[in-house]
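I have placed the structure first, in the form of structure tokens, so that the comments after it can refer back to it.
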Ligand SMILES: Nc1ncnc2c1ncn2[C@@H]1O[C@H](COP(=O)(O)OP(=O)(O)O)[C@@H](O)[C@H]1O
Ligand SMILES: [Mg+2]
């Protein structure tokens, strides 16, 4: 049971500590409790001191009354008729008892209690014990009319401390209540202030987590305190970036859908034509066209897949040890037949080894796209050469062709997704160079376009060389 309670309490405490408002409240409460404790001690001391002063004034008054009543009677003896008022002054309803003693200059007790001790100092109240009771006592000396000039009587007056204690308690309590009301009021105002001060933060939190935030509108920085404005600006920047990315994604999907729709429409037309055709030769021709379109669609789908794979974050980053010379030989072997059919002389000029670190599949895809472009856009008879060499700490890959090249004004745009130069006859999707750039970026390299010696395009890819 105790363990359970303890766990509950510590869970609650952890929650409080995790919350900003909770933490501030804990500190405010701690401060108020400390203030209240100090106030408790101080008001106790203050009450005590005041009650003692009051008692001492009564003692002094009473002692004076008694001293005034001491006189020398007709027979020459000193007598004291204690005035009742001197004792009744202490009758404050707390059942206090009063003791007194009047002593002559020669030390004889004229009246009062013999055992009552004399306080050490005159005119100053002192707490003492008498007959096992707490008392407060005071002594004064007083001249008596009819005695010689230095004939002073001493009056000691003492009272039990019930009344004094009750007064002390009353003073302390009223003081304590007053101060507590002040502290509580201060606490309430502070809590109110904290809640108000934190309200913008809480509103911001609610706004961020609101379920209807699909539109990602920016927050108003003026709605929060100056300290929080950098956070709101950062949040708005972040949302801006997310929005841009979302828009790019939407554009990409819509472009892809458009690109797929055209060949698919063609495909269905060609299929209809083939189905209608009676003549064997014409039917074969229609079917061949159908096959070409199918290949085009499937190539587009492949390119789309490669592009999404090449995007940062879509695949676990790979750091394989790759030899680009091996990849270049394999790619050229695979394209050799295609080149022969197109009437292009495809050559390789590579160093023995061109070691890099990266994703082998993606680097191969990059080179396939470059060689494919060179073969596709170079008219026969022509040359396409792939050169590979190591320059300092880089591996430099160059694909040169003897085709028309790309005008400098288009150098930036051809890397954009789905971008094709107007008037390009050969079929394609505009994704090849986008894939190249994505892969090269991912491998930490650069890609630039230039002119080959033969006047065609030269694509230069620089990759960090593996040491
Ligand atoms: N080797 C090249 N020679 C001439 N033009 C090229 C060459 N490579 C690419 N291009 C131009 O750049 C455009 C974009 O190329 P790419 O991104 O590979 O898309 P695609 O080849 O599918 O059209 C092509 O449409 C073409 O006009
Ligand atoms: Mg291409």
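Numbering (our numbering), first residue to last: 23 to 489.
All C-beta atoms, glycine included, are put in the ideal place defined by N, C-alpha and C.
The C-beta of residue 315 has 16 or more other C-beta atoms within 10 Å across all chains shown, which makes the residue buried.
According to the DSSP secondary-structure assignment, residue 411 is paired through a beta bridge with 418. Residue range 342-345 is occupied by the beta strand (DSSP E) that includes residue 342. Nearest in C-alpha terms to residue 389, of all of 40, 375 and 351, is 351. The beta carbon of residue 375 is closer than 7 Å to those of 345 and 347 in its chain, skipping five residues each way along the sequence.
Residue 447 sits exposed, since fewer than 16 C-beta atoms from the chains shown fall within 10 Å of its C-beta. Taking 8 Å as the cut-off, the Cβ atoms of residue 425 and residue 400 count as close. Setting aside the 5 residues that flank it on each side, residue 184 is surrounded in the same chain by 116, 117 and 118, each with a C-beta closer than 7 Å to its C-beta; the list follows chain order. A residue is called buried when at least 16 other Cβ atoms come within 10 angstroms of its Cβ; residue 85 meets this threshold and is buried. In this structure, DSSP gives residue 259 a helical state, which the three-state scheme calls helix. When DSSP states are grouped into helix, strand and coil, residue 348 belongs to the helix group. Counting along the chain, residue 459 sits inside the alpha helix (DSSP H) bounded by residues 454-464. Secondary structure at residue 79: helix, using DSSP grouped into helix, strand and coil. The alpha-carbon of residue 153 is positioned some 24 Å away from that of residue 107.
With a threshold of 16 other beta carbon atoms within 10 Å, residue 381 meets it and is buried.
The way I'd put it, the stretch 417-437 does touch the stretch 469-487; three or more beta-carbon pairs between them come closer than 8 Å.
Of the candidates 232, 60, 189 and 215, 60 places its Cα closest to the Cα of residue 201.
When DSSP states are grouped into helix, strand and coil, residue 480 belongs to the strand group. The beta-carbon separation of residue 89 and residue 104, rounded to 11 Å, does not stay under the 8 Å limit for a contact. In the DSSP assignment, residue 151 falls within the beta strand (DSSP E) that extends over 148-152.
Rounded to whole angstroms, the gap between the alpha carbons of residue 205 and residue 197 is 12 Å.
Around the beta carbon of residue 444, a 10 Å sphere encloses fewer than 16 other beta carbons of the protein chains shown; the residue is thus reported as exposed. DSSP, reduced to helix, strand and coil, places residue 377 within a strand of the structure shown.
In terms of Cβ geometry, residue 182 and residue 155 form a close pair [threshold 8 Å]. The Cβ-Cβ distance between residue 457 and residue 391 falls below 8 Å.
Chain-ordered, the residues whose CB falls short of 5 Å from any heavy atom of ligand 2 come out as 395, 450 and 454. Rounded to whole angstroms, the separation of the alpha carbons of residue 489 and residue 385 is 18 Å. Sequence-distant partners of residue 72 (beyond 5 residues in either direction) whose C-beta falls short of 7 Å from its own C-beta, in its chain, are 193.
Taking a 10 Å sphere around the C-beta of residue 122, we find 16 or more other C-beta atoms and assign the residue as buried. Between the stretch 45-55 and the stretch 209-218 there are three or more C-beta pairs closer than 8 Å, enough to call the two in contact. A heavy atom of ligand 1 is found nearer than 7 Å to the CB of residue 427. The beta carbons of residue 159 and residue 145 sit about 12 Å from each other, so the pair does not count as a contact at 8 Å.
DSSP places residue 216 outside any beta strand (DSSP E); the residue lies instead in the alpha helix (DSSP H), whose first and last residues are 184-231. Taking the Cα of residue 97 as reference, the smallest distance to any Cα among 419, 169 and 289 is reached at 169.
A straight-line Cα-Cα distance of about 12 Å links residue 264 and residue 272.
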